[in-house]
Amino acid sequence: MIKPNPMRFHFVLFLILSIVAIAQLSWWVIFQVKEGDRITSHQQSIWNQQKKVAWTHFENTGFTDTEKSSWLKANFPDLELDNENRNLIITPEASQRLNELAQKRVRMFVSEGAFFSLLVFSGVWFFYWALCKRVELESKIENILSSAASSLKNPINSIKEDLDAISGSSQSELAQNKLLSRISSNIQKIADTCESVTLIKMLAASKRKIELELTDISNTLESVINDYKNSHTKSDLRINSDIERNLTAVTNPPQLSRIFQGALRVADNYAAEKDDIGVRLSKELNSGILNMRWKPSMKSKDINIVCNRIESELGIIRELAETIGVKIKVKTEDENSVCVAAELPLLEE
């Protein structure tokens, strides 16, 4: 199936409007450049007609040179006799007045043309900017939905498997509690993912702004870990934390907590049974570095495949992290362990 290109229609429309605008602008420039010549030519034709009328009158009346000059001043003040009194010429005052009028009209049209050009190019630039924003928003939303689909796929499949396990055969109370705890965790993950998708879409569409404040990220991480442990009292989850104290940053606390929770859920989902998740927060230069390490349950013997699945599941969390300047990546520590690393800028002392 061929995927439609959202850029094609917008670009064609932009191109057509730009061509029309540039054609109008070109016509205006040609018109204003020739305006001075057009005024001069029109006035010269008037003066030529006046010369013919004046000579015809002089031939019929037989005026002397003095009478001719007086008649010209009274009827055609822009004309005068030359030094030999044989030809009619344009007075210097009339020629200067015509030049000034032509230059004034040209300046007027140049000013109007410059203003019109500014409007045209401003409109073209604004339309191009709006087009880029529209395409960027569409691409952003597409990436968000793709990341959300990848993030929701595993928990939904896990819930189906756990429900089948509960209903398919008799389970001990301990096993049922463990399955119910995992179902609860996956449901919470789906709810958090949906909430994150809504938030990211609103931020991408500029319908909501991020409110930043001074935040102790050490206390935020510790609070997230304690809340997560308390919500998993029926599981054998163990988290070993090493948190450097008094690390502060200008960020959004709810979003930062949601990012920590999401990364912790991913670690919990992929950690081997009865294994520890090591959480370490430290300072490196002007950045806070969060590392979550664990040994994954190796359903696949290739750890790179596990890392790719984790990358896919972290997609929506990474999108959310980018809105507050947090960088997240997945890496392998060795052949048997995985690490999710998050880097965020700290408040400079």
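Numbering (this note's numbering), first residue to last: 4 to 352.
Just so you know, even glycine gets a beta-carbon here, dropped at the ideal spot from N, CA and C.
Everything numeric in this text was worked out from a predicted model, so none of it was measured.
- Fully contained in the segment 152-226 are the following alpha helix (DSSP H) runs of length 4 or more, in chain order: 176-207.
- S170 is positioned such that its CB atom lies no closer than 9 Å to that of I186.
- A direct Cα-Cα distance of roughly 12 Å separates S72 from W58.
- Counting along the chain, D40 sits inside the alpha helix (DSSP H) bounded by residues E38 to T64.
- The closest CA to that of L217, considering only N243, A252, S226 and L183, is found on A252.
- Secondary structure of P256 (DSSP, three-state): helix.
- When C-beta atoms of the segment 224-231 are compared with those of the segment 258-271, three or more pairs fall below 8 Å, so the two segments count as touching.
- Along the length of the segment 293-328, whole beta strand (DSSP E) runs at least 3 residues long do not occur.
- DSSP places D279 outside any alpha helix (DSSP H); the residue lies instead in the beta strand (DSSP E), whose first and last residues are D279 to E287.
- A buried status is given to R268, since no fewer than 16 other beta-carbon atoms sit within 10 Å of its beta-carbon.
- Bounds of any beta strand (DSSP E) do not take in S234, whose DSSP letter is neither H nor E.
- Here S244 is bridged, per DSSP, to V282.
- Between P348 and S290 a beta carbon distance of about 6 Å is seen, short of the 8 Å cut, so the two are scored as contacting.
- For T335, the uninterrupted beta strand (DSSP E) run begins and ends at K330 to T335, by DSSP.
- When the beta-carbon positions are compared, M295 and A266 come within less than 9 Å of each other.
- Under the three-state reduction of DSSP output, L122 falls in the helix class.
- Each of V123, L82, V138 and F112 was checked against the Cα of Q46, and the nearest Cα belongs to L82.
- Going by beta carbons, I242 and I190 fall outside the 9 Å limit.
- Beta-bridge partners of I92 (DSSP): E83.
- A direct Cα-to-Cα measurement between S221 and C342 gives close to 19 Å.
- Between V309 and L293, the gap from beta carbon to beta carbon reaches 9 Å or more.
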